[in-house]
DNA sequence: GTCTATAACGTGATAGAC
DNA sequence: GTCTATCACGTTATAGAC
């Protein structure tokens with residue numbers, strides 16, 4: 006929509022370089038602990054350019070925050086609204102998508118939840134997720150399964166909290182887990198890989214146990 | 006150990022007032038976003054007094070961080086090392102303790118995990134938790150149960166991640182959950198109360214399903 | 001567009017009166 | 001011990017040359 010030359014992987018334009026650097030640093034340290042100098046250095050450019058392209062630290066942050074939030078919720082939305090998959094398939098896909106995401110970007114959950122404490126639900130509202138998530142194919146399937154007594158009666162929110170908690174929490178608690186258990190980063194990642202199959206199995210067990 | 010008059014609830018001494026205020030503000034905003042002036046205001050005292058009693062923002066923070074971490078891990082330690090309780094009782098107690106804690110102090114998990122990203126495992130090590138948590142009555146019970154084939158074979162770390170994830174994650178994601186689902190704070194707390202009995206039930210189901 | 005230099009501001013910490 | 005006033009410093013943001 007801007008230019009017709011999408012940067013061909015290298016020799017990326019300055020604006021993108023800054024945005025990528027900002028994403029990395031903001032995700033790792035949060036808004037308050039991040040200095041614009043950190044971002045400039047990470048991007049390999051001059052500090053003044055940051056303000057030239059994005060006006061202010063806050064504006065740049067808002068951009069990163071929105072994109073991160075969008076990317077994070079987008080997965081839920083896509084999977085939950087796919088009306089060609091079963092409930093079990095949706096669970097499996099969700100788990101795999103988030104483990105993929107978090108193995109690569111383990112900082113995202115704490116970044117998001119930490120920043121959302123300050124800017125309360127203004128951003129959540131801005132995402133407009135409330136309307137589209139509360140009327141998904143998933144919820145209809147879930148309700149049907151309960152009505153037909155195929156699964157245990159259960160508030161869908163409890164279900165989602167369990168799913169997200171089992172997948173996301175381990176990544177957030179990674180430093181503390183490694184600290185008290187002594188596992189290495191590599192061993193930790195192996196554990197997370199195991200959870201691709203374990204979590205759906207556990208969720209299934211919970212749902213079908215009367 | 007200091008004085009023999011433990012403050013009788015009101016007319017608390019200045020040092021304690023500052024520490025309590027620091028705990029509130031640090032927990033809510035984290036180290037970087039907290040200004041010493043915020044703490045002074047919350048405590049109802051002058052900014053200079055903060056430095057008079059605690060020398061620096063960092064020193065005061067280290068104190069709060071240590072106490073918070075200690076209080077948080079202490080519960081796990083106590084419950085896991087109680088050799089008069091069954092595995093099932095330990096689970097139930099853990100869940101109830103943490104739900105109690107988090108209903109009152111919902112900021113603690115994000116505070117801890119967020120700050121632990123920067124000061125990596127130096128603090129975890131300082132707590133000396135590694136040694137005492139890796140040789141608990143709980144782990145022996147867990148291993149015995151597996152050997153006697155009473156429960157499914159399962160890495161205890163997976164078990165602990167599930168337990169903590171199901172209990173703690175919902176509190177961390179509270180703003181996002183309320184944002185996308187539309188539940189009120191009061192309804193959210195009711196859901197958390199329900200989880201006192203639901204989580205142990207789910208954990209039991211997972212453990213005993215072959 | 002990109003840089004250097006600097007202005008403008010906020011924050012942690014202290015000096016010194018009481 | 002407690003306060004007011006102020007210093008010292010780091011950080012965001014901009015002015016202006018190239």
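Residue numbers (our numbering), protein chains in the order written: chain A, 6 to 215; chain B, 6 to 215. Where is the CB? At the ideal position from N, CA and C, for every residue including glycine. It should be emphasised that the depicted structure is a prediction, and the values quoted were computed from it without experimental measurement.
Report task. Using a Cβ-Cβ cut-off of 8 Å, state whether residue 7 of chain B counts as contacting chain A. Result -> Here residue 7 of chain B scores only 44 on pLDDT, less than 50, and its place in the model should not be relied on; the value that follows carries that caveat. Not an interface residue.
Query raised in the report: Got a sec, what are the start and stop residues for the alpha helix (DSSP H) residue 142 of chain B sits in?
Result: 142 to 152
Query raised in the report: Quick one: which chain B residues come within Cβ less than 7 Å of residue 27 of chain A?
Result: Here the premise fails: no neighbours, minimum Cβ distance about 16 Å.
**Report entry** Any C-beta of chain A under 8 Å from that of residue 180 of chain B
**Finding:** yes
Requested in this report: Assuming residue 23 of chain A and residue 59 of chain A form a contact by the criterion Cβ under 8 Å, report the distance between their Cβ atoms to the nearest whole angstrom.
Outcome: A Cβ-Cβ distance of about 7 Å is found for the pair residue 23 of chain A and residue 59 of chain A, placing them in contact under the 8 Å criterion.
Report task. Give a yes or no on whether the C-beta atoms belonging to residue 119 of chain A and residue 119 of chain B are separated by under 8 Å. Result -> yes
Query raised in the report: Any C-beta of chain B sitting closer than 8 Å to the C-beta of residue 130 of chain A?
Result: yes
**Report entry** Assigned exposure category for residue 139 of chain B - 16 Cβ within 10 Å defines buried
**Finding:** exposed
Query raised in the report: Hey, how far is the Cα of residue 155 of chain B from the Cα of residue 88 of chain B?
Result: 19 Å
Requested in this report: Note down the Cα distance separating residue 68 of chain A from residue 214 of chain B, rounded to an integer number of angstroms.
Outcome: 46 Å
Query raised in the report: Beta-carbon of residue 187 of chain A versus every beta-carbon of chain B: anything under 8 Å?
Result: yes
Requested in this report: Please compile the residues from chain B whose C-beta is within a distance smaller than 9 Å of the C-beta of residue 196 of chain A.
Outcome: 160, 162, 163 and 166
Query raised in the report: Just the Cα atoms here: how many angstroms apart are residue 150 of chain B and residue 82 of chain A?
Result: 40 Å
Query raised in the report: From B:37, B:65 and B:132, pick the residue whose C-alpha is nearest to that of residue 25 of chain B; which is it?
Result: Closest by alpha carbon: B:65.
Report task. Output the distance between the C-alpha atoms of residue 180 of chain A and residue 190 of chain A, rounded to the nearest integer angstrom. Result -> 9 Å
**Report entry** Alpha-carbon spacing of residue 32 of chain A relative to residue 50 of chain A, whole angstroms
**Finding:** Residue 32 of chain A and residue 50 of chain A have their alpha carbons spaced roughly 19 Å apart.
Query raised in the report: Counting only beta-carbon atoms, is residue 73 of chain A nearer than 8 Å to chain B?
Result: no
Query raised in the report: Between which two residues does the alpha helix (DSSP H) carrying residue 24 of chain B extend?
Result: Taken as a continuous stretch (DSSP letters only), the alpha helix (DSSP H) holding residue 24 of chain B covers 19 to 38.
**Report entry** Own chain partners of residue 78 of chain A with C-beta closer than 7 Å, once the 5 adjacent residues on each side are dropped
**Finding:** The residues are 132 and 134.
Requested in this report: Count the C-beta pairs between the stretch 157 to 165 of chain A and the stretch 84 to 99 of chain B that are closer than 8 Å, then say yes if the count reaches three, no if not.
Outcome: no
Query raised in the report: With distances taken between CB atoms, is the gap from residue 183 of chain A to residue 143 of chain A smaller than 8 Å?
Result: no
Query raised in the report: Should residue 112 of chain A go down as buried or exposed, given a rule of 16 or more other Cβ atoms within 10 Å for buried?
Result: buried
**Report entry** Which listed residue (B:122, B:210, B:203 and B:116) has its alpha carbon closest to that of residue 104 of chain B
**Finding:** B:203
Query raised in the report: In three-state terms, what does DSSP make of residue 132 of chain B?
Result: coil
Query - Test item: CB-CB of residue 152 of chain A and residue 208 of chain A under 8 Å - result: no
**Report entry** Straight-line Cα distance separating residue 169 of chain B from residue 192 of chain B
**Finding:** 22 Å
Query raised in the report: If the cut is a Cβ gap below 8 Å, which residues of chain A does residue 115 of chain B touch?
Result: 115, 118, 119 and 122
Query raised in the report: Is the shortest distance between the beta-carbon of residue 65 of chain A and the beta-carbons of chain B less than 8 Å?
Result: Chain B, which has no Cβ nearer than 8 Å to the Cβ of residue 65 of chain A, makes this no.
Query - residue 67 of chain A (DSSP reduced to helix, strand or coil) - result: For residue 67 of chain A, the three-state secondary structure derived from DSSP is helix.
**Report entry** Separation of residue 61 of chain B from residue 115 of chain A, as counted between CA atoms
**Finding:** 27 Å
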